[in-house]
Amino acid sequence: MLITGIGLHPFGRFEDRTATDMGVVAVRAALAEAGVARGGFQAAFCGTAYGGVAAGHRVLGRLGMTGMPIVDVEAGCASGSAALMLAAAAVRAGQYDTVLVFGIEKMPKGIIRSSFFEPWQEEAGLTATPAYFALRAQRLMQTSGVTKSHLAQVVVKNRRHGVGNPNAMFRKDVSAADVLASRVICEPLHLWMLCTPNEGAAAVVLQRDGAGTGPRLAAAVLRSHLPGGVLNESTPMAGLTDDTIPSATSLAALAAFEEAGVGPDDLNVVECQDTDAARELLSYEELGLCPPGGAAALLESGAVDMGGTMPVNPSGGLLSKGEPLGASALAQVVELVQQLRGTAGERQVDAAATALAHTVGRGANAGVVILTR
Amino acid sequence: MSAVHEGLFTDEPRLLGSRCARCGGHHFPRHETCAYCSSEEVETVELSSTGALWAWTAVNAPPPGYRGEVPFGFGVVELPEGVRVISRLTEADPSRLSAGQPMQLVLVALDDDAVTYAFAPC
């Protein structure tokens with residue numbers, strides 16, 4: 001199946017706009033690109049975590065495009081991946097020819113309270129999300145030779161990439177010294193090593209082969225966690241000492257590579273979850289982009305920079321764009337479609353033919369999407 | 001002062017976990033169904049009160065709904081039963097902690113009304 005249209009509302013903070021307003025912008029653009037008009041798609045899936053009841057209906061209602069099934073999908077940071085997986089399954093099964101997939105979000109401001117936790121966990125101080133990220137970062141430093149300097153280097157790389165992305169929230173180059181001079185949130189993570197929750201929307205039109213032109217959607221996989229990992233995104237209060245339990249990201253990656261019939265060595269460009277700088281490095285290992293313990297070496301090799309053999313986060317990643325949960329996964333797909341079309345402008349990766357997008361977050365939910373030219 | 005939540009720990013103190021009779025896995029807090037093999041043959045056990053520090057950081061800003069003061073230590077302690085527990089730590093300066101350091105379970109006050117569990121360097 002093919003992705004025949006893409007649309008995006010920039011990521012940032014927009015006082016005068018609702019999530020619905022942003023969804024309308026992204027959906028309109030994607031449908032126009034695909035040449036799909038009212039009545040031209042048979043189902044719609046909308047990813048959102050904070051959008052409330054019937055968020056997708058509100059967007060399509062504004063466009064006068066209802067009547068077909070409209071399903072809202074919540075899977076934390078992987079909500080957009082989940083929506084795409086459901087759409088792809090329906091098209092593959094022959095249920096629909098053309099499906100609209102979009103994601104919208106207007107994240108609350110300040111520290112976000114999650115219904116995921118129980119009241120006593122909040123009262124006892126066990127719900128500081130950056131603290132969990134920090135523990136994971138520290139483990140990576142203990143096991144993979146990652147240093148604070150590597151964490152800063154991830155931020156420098158992604159922010160440099162983000163300079164070329166007009167839809168990113170932060171478009172200024174930063175130095176490693178700047179990153180390390182920002183205040184410590186939870187040791188070893190400094191403020192600039194963490195992405196900013198924000199607002200935005202993204203949309204894609206998915207069609208069966210032969211119904212249009214565009215890059216091929218070779219795999220769209222969602223997986224949850226296996227029990228036991230104490231620092232996995234399911235945020236348990238305890239886990240096992242067994243370090244061989246595969247992560248949700250690894251499960252999703254293995255299934256996606258099998259579905260697509262490609263391997264990590266085939267990838268020319270990757271968009272991955274950089275909620276914090278260490279999360280990007282851990283993703284290298286969990287996705288199989290490098291061997292276990294090889295994240296620091298892969299970063300140092302330069303392969304993941306623009307001009308390298310496999311640039312990671314050419315869009316600037318969440319560290320540049322910010323993270324609107326429901327929209328972020330589909331914005332990765334929008335970026336990769338541009339890369340495969342060769343229309344990414346100054347962010348263009350040479351000869352991009354096979355691309356991977358990865359999101360992971362609370363649940364745990366991990367999404368891996370593979371696109372080919 | 002009372003426990004921040006019933007059933008988490010004893011006054012001694014010991015953490016109240018559970019053990020699966022089928023796979024031997026330990027859980028904290030207690031589970032009625034084993035998280036690792038879905039067996040319902042699960043019994044309540046008091047977990048070891050000492051362990052080894054596995055990961056640590058500090059929380060410097062109060063998360064939403066939190067009743068206590070900042071900063072406070074936060075980390076993972078590995079217990080001899082083969083279970084890793086997420087916990088507050090009494091040491092809020094990460095530079096004063098090290099991997100594998102022996103840790104002891106204690107109770108700490110959150111405010112005038114509630115206590116919770118934490119691990120302290122031995």
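Chains as they are written, first to last, in my numbering: chain A, 1 to 373; chain B, 1 to 122. Here a beta-carbon is modelled for each residue, glycine too, at the ideal position from N, C-alpha and C.
| Partner residues on chain B for residue 127/A, Cβ-Cβ distance less than 9 angstroms | 63, 64, 65, 66
| Of all the CB atoms in chain A, is at least one closer than 7 angstroms to the CB of residue 35/B? | yes
| request: Count the CB pairs spanning the stretch 343-356 of chain A and the stretch 189-200 of chain A that are closer than 8 angstroms, and state whether there are at least three. | output: no
| field | Under 7 angstroms (Cβ pairs) to chain B, residues found in the stretch 234-248 of chain A | value | 237, 238, 239, 240, 241
| Of all the beta strand (DSSP E) runs that stay within the bounds of the stretch 191-273 of chain A, which reach a length of 3 or more residues? | 199-207, 216-224, 238-240, 269-271
| request: Spell out a yes or no on whether the stretch 71-78 of chain A and the stretch 184-192 of chain A are touching, meaning 3 or more CB-CB pairs, one atom from each, closer than 8 angstroms. | output: no
| task | For my contact list, residue 51/A and residue 307/A are in at a C-beta cut-off of 8 angstroms; report their separation, rounded to the angstrom. | result | About 38 angstroms separates the two Cβ atoms, so there is no contact after all.
| query | Which of helix, strand or coil does DSSP assign to residue 172/A? | reply | coil
| query | What distance in whole Å lies between the Cβ atoms of residue 100/A and residue 25/A, which are believed to be in contact at a cut-off of 8 angstroms? | reply | That belief does not hold up - the Cβ atoms of residue 25/A and residue 100/A are roughly 14 angstroms apart, past 8 angstroms.
| message | According to DSSP, is residue 9/A part of a helix, a strand, or is it coil? | response | strand
| request: Check residue 138/A in the structure and name its three-state DSSP category. | output: helix
| Would you call residue 39/A buried or exposed, if buried means 16 or more other Cβ atoms sit within 10 Å of its Cβ? | exposed
| task | Check residue 181/A in the structure and name its three-state DSSP category. | result | helix
| said: Contact defined as beta carbons within less than 8 angstroms: I believe residue 271/A pairs with residue 332/A. What is the distance between those atoms, to the nearest angstrom? | reply: 4 angstroms
| said: Taking only three categories from DSSP, how would you classify residue 167/A? | reply: coil
| task | Using only alpha-carbon positions, find the residue among 114/B, 113/B, 82/B, 94/B that is nearest to residue 184/A. | result | 94/B
| task | Examine the Cβ distances between the stretch 298-312 of chain A and the stretch 17-33 of chain B and report whether three or more of them are shorter than 8 angstroms. | result | no
| Can you tell which of 15/A, 85/A, 57/A, 64/A has its C-alpha closest to the C-alpha of residue 72/A? | 57/A
| query | Are the C-beta of residue 42/A and some C-beta of chain B separated by less than 7 angstroms? | reply | no
| request: With distances taken Cα to Cα, identify the nearest neighbour of residue 125/A among 83/B, 85/B, 63/B. | output: 63/B
| message | Any C-beta of chain B within less than 9 angstroms: which residues of the stretch 167-190 of chain A qualify? | response | 183, 184, 185, 186, 187, 188, 189
| From what residue to what residue does the alpha helix (DSSP H) around residue 59/A run? | 55-62
| message | Would residue 360/A and residue 187/A qualify as a contact pair, given that the criterion is a beta-carbon distance under 7 angstroms? | response | no
| chain B contact residues for residue 142/A, given Cβ-Cβ distances below 7 angstroms | 99
| Outcome for residue 119/B when other beta-carbon atoms lying within 10 angstroms are tallied against a minimum of 16 | buried
| task | Express the C-alpha separation of residue 89/A and residue 373/A in angstroms, rounding to a whole number. | result | 20 angstroms
| said: Whole angstroms are fine: how far does the CA of residue 19/A sit from the CA of residue 80/B? | reply: 49 angstroms
| request: Answer with buried or exposed for residue 159/A, where buried requires no fewer than 16 other C-beta atoms within 10 angstroms of its C-beta. | output: buried
| With a CB to CB cut of under 6 angstroms and the five nearest residues on each side skipped, what residues in its chain are close to residue 83/B? | 26
| What's the gap between the Cα of residue 319/A and the Cα of residue 43/B? | 45 angstroms
| Is the stretch 135-155 of chain A touching the stretch 334-351 of chain A, taking contact as three or more C-beta pairs under 8 angstroms? | no
| task | Mark residue 109/A as exposed unless 16 or more other C-beta atoms lie within 10 angstroms of its C-beta, in which case mark it buried. | result | exposed
| Can at least three beta-carbon pairs, one atom from the stretch 249-261 of chain A and one from the stretch 216-223 of chain A, be found at a separation below 8 angstroms? | yes
| request: Would you mind giving the Cβ-Cβ distance between residue 139/A and residue 58/B, rounded to the nearest angstrom? I have them listed as a contact below 8 angstroms. | output: Not quite, the Cβ-Cβ distance comes to about 16 angstroms (not below 8 angstroms), so this is no contact.
| query | Under 7 angstroms between C-beta atoms, does residue 120/B make it to chain A? | reply | no
| field | Terminal residues of the beta strand (DSSP E) in which residue 300/A lies | value | Looking at the DSSP string, residue 300/A is not in any beta strand (DSSP E); the run it does join, the alpha helix (DSSP H), is 295-301.
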